[in-house]
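Visitor: First the structure, then my questions, so here it is.
Number of protein chains: 2
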Amino acid sequence: MKLIILAGGSGTRLFPLSRSCYPKQFLKIAGQKSLLQQTVERFARLVKAEDILIVTNKDYIFHVQADLAEIGAEAAHIITEPVARNTAPAIALAVAYCKDKMECEANECLFVSPADHVINPVEDFQKVVEAAEAICKNSDNIVTLGVNPTKPETGYGYIHAEAEMVGEGFKVESFKEKPDLATAEQYLAQGGYYWNAGMFAFSVQTMEKALKNLASDVYDISSLGYEHALDRFEDMPNISIDYAVAEKTKNIVVVPMGTVNWNDVGSFDAIDEVLQTENGNVISGDVITTDSKNNMILGSNRLVSTIGVDNLIVVDTPDVLLISGKGKSQDVKKVVEKLKAQKRKEISENVTMYRPWGSYTILAEGDGFKVKKITVNPGAKLSLQMHYHRSEHWTVISGTGKLTLDDKVVIFKENESTYIPIAVKHRLQNPGSIPLSIIEVQNGRYLGEDDIVRFDDVYGRSID
Amino acid sequence: MKLIILAGGSGTRLFPLSRSCYPKQFLKIAGQKSLLQQTVERFARLVKAEDILIVTNKDYIFHVQADLAEIGAEAAHIITEPVARNTAPAIALAVAYCKDKMECEANECLFVSPADHVINPVEDFQKVVEAAEAICKNSDNIVTLGVNPTKPETGYGYIHAEAEMVGEGFKVESFKEKPDLATAEQYLAQGGYYWNAGMFAFSVQTMEKALKNLASDVYDISSLGYEHALDRFEDMPNISIDYAVAEKTKNIVVVPMGTVNWNDVGSFDAIDEVLQTENGNVISGDVITTDSKNNMILGSNRLVSTIGVDNLIVVDTPDVLLISGKGKSQDVKKVVEKLKAQKRKEISENVTMYRPWGSYTILAEGDGFKVKKITVNPGAKLSLQMHYHRSEHWTVISGTGKLTLDDKVVIFKENESTYIPIAVKHRLQNPGSIPLSIIEVQNGRYLGEDDIVRFDDVYGRSID
Numbered sequence: 015m016k017l018i019i020l021a022g023g024s025g026t027r028l029f030p031l032s033r034s035c036y037p038k039q040f041l042k043i044a045g046q047k048s049l050l051q052q053t054v055e056r057f058a059r060l061v062k063a064e065d066i067l068i069v070t071n072k073d074y075i076f077h078v079q080a081d082l083a084e085i086g087a088e089a090a091h092i093i094t095e096p097v098a099r100n101t102a103p104a105i106a107l108a109v110a111y112c113k114d115k116m117e118c119e120a121n122e123c124l125f126v127s128p129a130d131h132v133i134n135p136v137e138d139f140q141k142v143v144e145a146a147e148a149i150c151k152n153s154d155n156i157v158t159l160g161v162n163p164t165k166p167e168t169g170y171g172y173i174h175a176e177a178e179m180v181g182e183g184f185k186v187e188s189f190k191e192k193p194d195l196a197t198a199e200q201y202l203a204q205g206g207y208y209w210n211a212g213m214f215a216f217s218v219q220t221m222e223k224a225l226k227n228l229a230s231d232v233y234d235i236s237s238l239g240y241e242h243a244l245d246r247f248e249d250m251p252n253i254s255i256d257y258a259v260a261e262k263t264k265n266i267v268v269v270p271m272g273t274v275n276w277n278d279v280g281s282f283d284a285i286d287e288v289l290q291t292e293n294g295n296v297i298s299g300d301v302i303t304t305d306s307k308n309n310m311i312l313g314s315n316r317l318v319s320t321i322g323v324d325n326l327i328v329v330d331t332p333d334v335l336l337i338s339g340k341g342k343s344q345d346v347k348k349v350v351e352k353l354k355a356q357k358r359k360e361i362s363e364n365v366t367m368y369r370p371w372g373s374y375t376i377l378a379e380g381d382g383f384k385v386k387k388i389t390v391n392p393g394a395k396l397s398l399q400m401h402y403h404r405s406e407h408w409t410v411i412s413g414t415g416k417l418t419l420d421d422k423v424v425i426f427k428e429n430e431s432t433y434i435p436i437a438v439k440h441r442l443q444n445p446g447s448i449p450l451s452i453i454e455v456q457n458g459r460y461l462g463e464d465d466i467v468r469f470d471d472v473y474g475r476s477i478d
Numbered sequence: 015m016k017l018i019i020l021a022g023g024s025g026t027r028l029f030p031l032s033r034s035c036y037p038k039q040f041l042k043i044a045g046q047k048s049l050l051q052q053t054v055e056r057f058a059r060l061v062k063a064e065d066i067l068i069v070t071n072k073d074y075i076f077h078v079q080a081d082l083a084e085i086g087a088e089a090a091h092i093i094t095e096p097v098a099r100n101t102a103p104a105i106a107l108a109v110a111y112c113k114d115k116m117e118c119e120a121n122e123c124l125f126v127s128p129a130d131h132v133i134n135p136v137e138d139f140q141k142v143v144e145a146a147e148a149i150c151k152n153s154d155n156i157v158t159l160g161v162n163p164t165k166p167e168t169g170y171g172y173i174h175a176e177a178e179m180v181g182e183g184f185k186v187e188s189f190k191e192k193p194d195l196a197t198a199e200q201y202l203a204q205g206g207y208y209w210n211a212g213m214f215a216f217s218v219q220t221m222e223k224a225l226k227n228l229a230s231d232v233y234d235i236s237s238l239g240y241e242h243a244l245d246r247f248e249d250m251p252n253i254s255i256d257y258a259v260a261e262k263t264k265n266i267v268v269v270p271m272g273t274v275n276w277n278d279v280g281s282f283d284a285i286d287e288v289l290q291t292e293n294g295n296v297i298s299g300d301v302i303t304t305d306s307k308n309n310m311i312l313g314s315n316r317l318v319s320t321i322g323v324d325n326l327i328v329v330d331t332p333d334v335l336l337i338s339g340k341g342k343s344q345d346v347k348k349v350v351e352k353l354k355a356q357k358r359k360e361i362s363e364n365v366t367m368y369r370p371w372g373s374y375t376i377l378a379e380g381d382g383f384k385v386k387k388i389t390v391n392p393g394a395k396l397s398l399q400m401h402y403h404r405s406e407h408w409t410v411i412s413g414t415g416k417l418t419l420d421d422k423v424v425i426f427k428e429n430e431s432t433y434i435p436i437a438v439k440h441r442l443q444n445p446g447s448i449p450l451s452i453i454e455v456q457n458g459r460y461l462g463e464d465d466i467v468r469f470d471d472v473y474g475r476s477i478d
């Protein structure tokens, strides 16, 4: 079996934790590992790292690489969508890659999973995946997993199962749109209805046949093979695998997840469900509560103190504080809309921005100056670059830096500083084996990030 | 008339806005001016700046000087208590100063006011002060102002007036401790009871006589004259003017403040009362509310966003966030107690610390480094100093600096940087006429503020 993880989403339903530069799948909520890392490890017993294919977006590839490296799964394959499309093109491209680059046979089972859900216990989930794999091995059905509903949820689509069984699954009667409450309650009472969790299993040939018959506009491109399909990815329609295939095919089976807990972490209220403990307050970070019950408080780099407040969701970040009543957090989208209308950078940027070579944090900015803490990973280098409107003063606070300035190369160490004049070509490298951290003080009348002339790409490869 | 403003308080009832390094009287709440500045200007029509005497604490003197300079009242006199005592010693010392340094005659009227209350309308208040002045001119009574109670408040002491009038005031029958609710309601229903606002008027001779007869342990020292009284200030008892004199003397009159609004700004709920507006949300700073009513949100340097929350008090500062239910904010003291027990620096320090020469803001600190933005006022200089455990890299972001390093003196300008090695004597000055701002990057294994050897005082005066 090969595992396809869809990790290209850019949602901001968890703003201010998630930003378009740093979406949900990379957040370390519900544990010390990101949701993507948790997803990879969820399948550890079933697939080796080299049998995993992660589909993401060019803006996120170094987040994916960093997450994989942290858990020793660098061997996983990564493909980057040149533009954002929906799940059908992503899956079709992934199938083509599996055939061309991962020597998949026609009858090989592929399992598709989102990268940003919380599922437990893992052992029980793995049994469900094995049941799904068995079905797609022994039949020409597409298999989807169905979550046994625990409440009349109106926020998910439902899958209605027939009585007829295939392996441990049931033939799908139909897919249902998000219902109103009355309908959801009826589904729950009637039984045989499951939440659609966006997980699928199928053999290469089954999906190819389904795409050919049901989504020819996708198939016409994906069947050209991976390289060509990638070149023409933009021409694919923006359509989900549900609409394109699952809801149309007769050959689809749902395997109930039974007692497995599933949460799509689609709002802070959903996170609260995942993290909920006995005492009623869910707390992370530096928090002191007084006479406060049933709050979720996700702290950041400052002390948070509450007095006599109940049922609040507090999410603190260095540049944005969110305070929401419980049950109201889906309205984060209203906040995001307001900020988009105001073209505020908080929507897309974090105070700390990640780059292929490391990261930087803006410590302060004001009239004519900006101060950053820059961290360069061991062995990494920034692009050869130049600025027209700012000069930079660098002081090393840890590690050793190698600076290329015009035609000179200097090594500078902890407690040493250097100066980059305006309009001089320069490159910063970390030649050492520990992270290089410097404090950068920028001086200039214009300090926008776009005042940069790059002489090679963000990986430091020449683009001259 | 001379005005004595008591500005030595160090309360933290408004934590995290107020810290022991920066108490309430210097906060710019309820307006663009600090409570101290508002207090000075409240008396502007009645006394000239040179007829004002501000009693404060050595830790706050440069806050007082800065506040006075901002409103053009530099001519006001300032005396600094060598140690914190209560109001009786402070007033006795002030009386001695008025006699010795401000040529007060025995019959000159002195008016005593706290520095941290909100009172309006000013015009009506000034009429009340004039009525009090008239009484202390024409009689040997001590005069106190009484606030007409608007609710059965249990948080204040009360003054019970007799029917007998003196000028526009009434003889005081007795002072009452903070009452329970039933008693407070009875006071309100019965009438003739006023809140004690801590404001007094008296002639020099009246107060001296009262101290001699009623508080000889205070008088014995204050009667030595200002210089000697200052030297022996520590020997004065820690006692309030209420206990020492007002509650004991027969010669005391209360002048009702009538329609004048008075607020002691003793809690965030009290601030909410002062700032209350029509729409129900009291907001300052960068705040976006959604479906939120009747909140007070005091923002800081980040976006605050609320969704579906009511009746909250939110106070955001760079290092501490407070979220309290309305009516609960007096429990800030519980938070402060917890932090004191944990010996946390947030109680006493701000991220921005004020100094006689300007201020500094800590931008970042971590293992082996600290980054500060330092601003030096025009013409000001730091003490000649040396550090045993840290070196410092300075980059000028605005203005011009003069650096004394060992026996060398260098001028460094915007976009220039310099280096201060460990254990080398140095002094930073701003020789220019605009503020000097530098970014300081400290390197070292120990970066405590106490790693400083000063060769002169905080004003830059030699202490060799």
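Line by line, the protein sequences are chains A and B.
The numbers in the first sequence follow my numbering, run straight up by one, and end at 478.
The numbers in the second sequence follow my numbering, run straight up by one, and end at 478.
Where a beta carbon is used, it is the ideal one built from N, C-alpha and C, also for glycine.
Being a predicted model, the structure only gives us computed values, none of them experimental.
What residues in the segment 74 to 85 of chain B bring their beta carbon closer than 8 Å to a beta carbon of chain A?
Guide: Listed by position, the residues of the segment 74 to 85 of chain B near chain A (Cβ gap below 8 Å) amount to none.
Visitor: Name the residues in the segment 286 to 314 of chain A whose C-beta lies less than 8 Å from a C-beta of chain B; which are they?
Guide: So the list reads Ile302, Thr304 and Asp305, given in the order they occur along the chain.
Visitor: At the 8 Å Cβ level, is Asp330 (chain B) part of the contact set with chain A, yes or no?
Guide: Taking the second sequence and counting its residues from 1, one reaches residue 330 (chain B) at position 316. With 8 Å as the cut-off, Asp330 (chain B) counts as an interface residue toward chain A.
Visitor: At a CB-CB cut-off below 7 Å, which residues of chain B make contact with Phe383 (chain A)?
Guide: Walking along the first sequence from the start, residue 383 (chain A) turns up at place 369. Result: Ile411.
Visitor: Less than 7 Å separating the Cβ of Asp420 (chain B) from some heavy atom of the ligand GDP?
Guide: As far as ligands go, the structure on display features none, and thus does not contain the ligand GDP.
Visitor: Please state whether the Cβ-Cβ distance between Ser373 (chain A) and His407 (chain A) is less than 8 Å.
Guide: For this step, residue 373 (chain A) is matched to residue 359 along the first sequence. For this step, residue 407 (chain A) is matched to residue 393 along the first sequence. Taking 8 Å as the Cβ cut-off, Ser373 (chain A) and His407 (chain A) do not qualify as a contacting pair.
Visitor: Can you name, in chain order, every residue of its own chain whose Cβ lies under 8 Å from the Cβ of Arg27 (chain A), other than the five neighbours on each side?
Guide: Position 13 of the first sequence, counted from the start, is the residue given in the question as residue 27 (chain A). Once the five neighbours on either side are set aside, the close Cβ partners of Arg27 (chain A) are Lys38, Gly280, Ser281, Gln344, Val346 and Lys347.
Visitor: Could you name the residues of the segment 356 to 383 of chain A whose beta carbon sits closer than 7 Å to any beta carbon of chain B, in the order they occur along the chain?
Guide: Per Cβ criterion, the list reads Glu360, Leu377, Ala378, Gly382 and Phe383.
Visitor: Between the segment 397 to 425 of chain B and chain A, which residues of the former have a C-beta closer than 7 Å to a C-beta of the latter?
Guide: Those would be Ser405, His407, Thr409, Ile411 and Ser412, in chain order.
Visitor: Does any C-beta atom of chain C lie closer than 8 Å to the C-beta of Tyr460 (chain B)?
Guide: This model lacks chain C altogether, as its protein chains are A and B.
Visitor: Let me confirm a value: Thr164 (chain B) is counted as buried when at least 16 other C-beta atoms fall within 10 Å, else exposed. Which label applies?
Guide: Here the question's residue 164 (chain B) lines up with position 150 in the second sequence. Looking at its Cβ environment, which holds fewer than 16 other Cβ atoms inside 10 Å, Thr164 (chain B) is exposed.
Visitor: Go through its chain and collect everything with a Cβ distance to Ser362 (chain B)'s Cβ below 8 Å, but skip five positions before and after it.
Guide: Taking the first residue of the second sequence as 1, we reach residue 362 (chain B) at position 348. Excluding residues within five positions, the ones whose Cβ falls inside 8 Å are Arg33, Ser34 and Cys35.
Visitor: Would you list, in sequence order, the uninterrupted beta strand (DSSP E) runs of no fewer than 3 residues that lie entirely inside the segment 416 to 478 of chain B?
Guide: DSSP runs (the beta strand (DSSP E)) wholly in the segment 416 to 478 of chain B: 422 to 427, 431 to 434, 440 to 443 and 450 to 458.
Visitor: So, at 6 Å on beta carbons, what are the nonlocal neighbours of His131 (chain B) in its own chain, with the 5 sequence-adjacent residues on each side left out?
Guide: Position 117 of the second sequence, counted from the start, is the residue given in the question as residue 131 (chain B). Excluding positions up to five away in sequence, the list reads Asp278.
Visitor: For a contact defined as C-beta to C-beta under 8 Å, what are the partners of Ser447 (chain A) on chain B?
Guide: Against the first sequence, residue 447 (chain A) aligns to sequence position 433. Those within 8 Å of Ser447 (chain A) in chain B number zero; the least Cβ separation is about 17 Å.
Visitor: On a CA-only basis, which of B:Gly25, B:Ala224 and B:Pro30 is nearest Asn364 (chain B)? Give me that one, please.
Guide: Position 350 of the second sequence, counted from the start, is the residue given in the question as residue 364 (chain B). Closest option to Asn364 (chain B), Cα to Cα, is B:Pro30.
Visitor: Helix, strand or coil for Asn134 (chain B)? Go by DSSP, reduced to three states.
Guide: Translated into positions along the second sequence, residue 134 (chain B) becomes position 120. Here Asn134 (chain B) sits in strand by DSSP.
Visitor: Quick check: what's the CA-CA separation for Lys416 (chain B) versus Asn391 (chain B)?
Guide: Residue mapping note: residue 416 (chain B) aligns to position 402 of the second sequence, counting from 1. Residue mapping note: residue 391 (chain B) aligns to position 377 of the second sequence, counting from 1. When rounded, the distance between both Cα atoms is 13 Å.
Visitor: By the DSSP assignment, the alpha helix (DSSP H) with Ile285 (chain A) in it spans what residues?
Guide: Locating residue 285 (chain A) in the first sequence gives position 271, counting from the first residue. Start and end: Phe282 to Leu289.
Visitor: Does the distance from the C-beta atom of Ile18 (chain B) to that of Leu124 (chain B) stay below 8 Å?
Guide: Your numbering for residue 18 (chain B) matches position 4 in the second sequence. Your numbering for residue 124 (chain B) matches position 110 in the second sequence. Yes, Cβ-Cβ distance for Ile18 (chain B) and Leu124 (chain B) is below 8 Å.
Visitor: When you compare only the Cα positions, how much space is there between Leu461 (chain B) and Asp420 (chain B)?
Guide: Translated into the one-based positions of the second sequence, residue 461 (chain B) becomes position 447. Translated into the one-based positions of the second sequence, residue 420 (chain B) becomes position 406. Distance between the alpha carbons of Leu461 (chain B) and Asp420 (chain B) is about 21 Å.
Visitor: Give me the residue from B:Val78, B:Thr101, B:Ala110 and B:Met15 with the minimum Cα distance to Lys62 (chain B).
Guide: Here residue 62 (chain B) refers to the residue found at position 48 of the second sequence. Checked all of B:Val78, B:Thr101, B:Ala110 and B:Met15; the closest Cα to Lys62 (chain B) is B:Met15.
Visitor: Since Asp286 (chain B) and Val296 (chain B) should fall inside the 8 Å C-beta cutoff, what is the C-beta to C-beta distance between them, to a whole number of angstroms?
Guide: Along the second sequence, read from residue 1 onward, the residue named residue 286 (chain B) stands at position 272. Along the second sequence, read from residue 1 onward, the residue named residue 296 (chain B) stands at position 282. At roughly 6 Å, the Cβ-Cβ gap stays under 8 Å, so Asp286 (chain B) and Val296 (chain B) are in contact.
Visitor: Jot down the residue ranges of each uninterrupted beta strand (DSSP E) in the segment 36 to 92 of chain B, minimum 3 residues, whole runs only, in chain order.
Guide: Those beta strand (DSSP E) runs which fall completely within the segment 36 to 92 of chain B and span 3+ residues are 66 to 71.
Visitor: Whole beta strand (DSSP E) runs in the segment 319 to 397 of chain B with 3 or more residues, listed along the chain?
Guide: Listed in chain order, the complete beta strand (DSSP E) runs (minimum 3 residues) inside the segment 319 to 397 of chain B are 326 to 330, 334 to 339, 366 to 369, 372 to 380 and 383 to 390.
Visitor: If you drop the 5 nearest sequence neighbours on each side, which residues of the same chain put their C-beta closer than 6 Å to that of Asn309 (chain B)?
Guide: Mapped onto the second sequence, residue 309 (chain B) falls at position 295. Answer for Asn309 (chain B): Asn295 and Leu326, listed in chain order.
Visitor: Could you check the C-alpha separation between Gly239 (chain B) and Ile376 (chain A) for me, to the nearest Å?
Guide: Residue numbering aside, residue 239 (chain B) sits at position 225 when the second sequence is read from its first letter. Residue numbering aside, residue 376 (chain A) sits at position 362 when the first sequence is read from its first letter. For Gly239 (chain B) and Ile376 (chain A), the distance between alpha carbons rounds to 56 Å.
Visitor: Does the beta carbon of Gly23 (chain A) come closer than 8 Å to any beta carbon on chain B?
Guide: Mapped onto the first sequence, residue 23 (chain A) falls at position 9. No, no contact with chain B.
Visitor: On the DSSP letters alone, give me the boundaries of the beta strand (DSSP E) that Leu107 (chain A) sits inside.
Guide: Position 93 of the first sequence, counted from the start, is the residue given in the question as residue 107 (chain A). Premise fails: Leu107 (chain A) lies in the alpha helix (DSSP H), Thr101 to Lys115, not in any beta strand (DSSP E).
Visitor: Tyr172 (chain B) to Thr303 (chain B), Cα distance in whole Å?
Guide: Taking the second sequence and counting its residues from 1, one reaches residue 172 (chain B) at position 158. Taking the second sequence and counting its residues from 1, one reaches residue 303 (chain B) at position 289. Distance between the alpha carbons of Tyr172 (chain B) and Thr303 (chain B) is about 40 Å.
Visitor: Just to confirm the assignment, what range does the beta strand (DSSP E) spanning Lys185 (chain B) have?
Guide: For the purposes of this step, residue 185 (chain B) is taken as residue 171 along the second sequence, with counting starting at 1. First-last of the beta strand (DSSP E) with Lys185 (chain B): Gly183 to Lys190.
Visitor: Is the segment 174 to 183 of chain B close to the segment 137 to 146 of chain B, with three or more CB pairs under 8 Å?
Guide: Contact between the segment 174 to 183 of chain B and the segment 137 to 146 of chain B is present, because at least three Cβ pairs lie under 8 Å.
Visitor: By Cβ distance, which residues of its chain are closer than 8 Å to Asn314 (chain B), with the 5 residues on each side in sequence left out?
Guide: Locating residue 314 (chain B) in the second sequence gives position 300, counting from the first residue. Contrary to the premise, residue 314 (chain B) reads as Ser rather than Asn in this sequence. Excluding positions up to five away in sequence, the list reads Gly299, Asp330, Thr331 and Pro332.
Visitor: Consult DSSP for Lys262 (chain B) and reduce its assignment to one of helix, strand or coil.
Guide: What you label residue 262 (chain B) is simply residue 248 of the second sequence in a count that begins at 1. Coil.
Visitor: For Ile448 (chain B), I'd like the list of residues in its chain whose CB is within less than 8 Å of its CB, leaving aside the five on either flank, ordered along the chain.
Guide: Locating residue 448 (chain B) in the second sequence gives position 434, counting from the first residue. Same-chain partners within the cutoff: Pro392, Ser412 and Gly413.
Visitor: Is the beta carbon of Ala110 (chain A) closer than 8 Å to that of Ser513 (chain A)?
Guide: Within the shown structure, residues of chain A are numbered from 15 to 478, placing residue 513 (chain A) beyond reach of any answer.
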